[in-house]
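In the numbering used here, the protein residues as written are 8 to 113.
Report on one structure; see the data block that follows.
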Ligand SMILES: [Zn+2]
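See below:
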């Protein structure tokens with residue numbers, strides 16, 4: 008079974024009320040994170056150690072593990088967030104920062 012992480016038919020794999028998290032596919036672990044940068048750093052660190060493990064143990068029985076950054080429970084990808092009209096959460100994103108500066112309608 009394939010999980011669609013990105014794109015129009017993406018599936019939520021984390022928690023919808025959790026802004027940032029890192030999800031480990033294979034273990035189904037969700038690690039709560041404070042911010043995007045933190046989540047990207049953790050995901051990168053996990054992925055490099057998973058790759059290292061894979062190099063040392065290439066047995067077909069060992070699970071394939073990888074980490075993805077989750078935003079509101081969905082795999083984070085800036086372009087996909089924009090295509091859904093969602094704030095991508097990137098602190099330096101021009102269009103989203105402009106939206107954040109506007110007072111929210113109550
Ligand atoms: Zn954006």
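The beta carbon of each residue, even a glycine, is placed where N, CA and C say it ideally should be.
Helix, strand or coil for residue i per DSSP?
{"i": "residue 71", "result": "coil"}
{"i": "residue 36", "result": "strand"}
{"i": "residue 12", "result": "coil"}
{"i": "residue 97", "result": "coil"}
{"i": "residue 31", "result": "strand"}
{"i": "residue 76", "result": "strand"}
Please classify residue i as buried or exposed, where buried requires at least 16 neighbouring CB atoms within 10 angstroms.
{"i": "residue 6", "result": "Residue 6 lies beyond the residue range present for the chain, which begins at 8 and ends at 113; the question has no answer from this structure."}
{"i": "residue 77", "result": "buried"}
{"i": "residue 60", "result": "exposed"}
Relative to ligand 1, is the shortest distance from any of its heavy atoms to the C-beta of residue i smaller than 7 Å?
{"i": "residue 70", "result": "no"}
{"i": "residue 85", "result": "yes"}
{"i": "residue 35", "result": "no"}
Counting pairs of Cβ atoms below 8 Å between the region 31–43 and the region 63–81, do you hit three or more?
Remark: three or more beta-carbon pairs, one from each stretch, lie closer than 8 Å, so the region 31–43 and the region 63–81 are flagged as touching.
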